[in-house]
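The sequence shown begins at 109 in the working numbering and counts up by one. Before any comments, here is the structure.
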Amino acid sequence: APHRGKRNEPAHLGLVVKRLAALWGLEPDQVATLTARNACRAFGLPPPGQAE
């Protein structure tokens, strides 16, 4: 598990999603859906699963 002062890297993403799910009272797949939608909205990309 990652710790303060240690390098953050993509390999820790699953741990982050699980922790957010626990904090928010959601399932990890719900967190993944929400964060993917938010990222698409922030970067002006089409929603996941939709053609451009």
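Idealized CB from N, CA, C, for every residue including glycine. Owing to the predicted nature of the structure, the values given are computational and were not obtained by experimental measurement.
V125 vs P136 beta-carbon contact at 8 angstroms: The answer is yes: Cβ separation under 8 angstroms.
Express the C-alpha separation of G122 and P156 in angstroms, rounding to a whole number. Distance between the alpha carbons of P156 and G122: 19 angstroms.
*Who are the Cβ neighbours of C148 in its own chain at under 8 angstroms, not counting the five residues just before and after it?*
Here the set comprises P154, P155, P156.
H120, DSSP secondary structure in three states: Correct three-state label for H120: helix.
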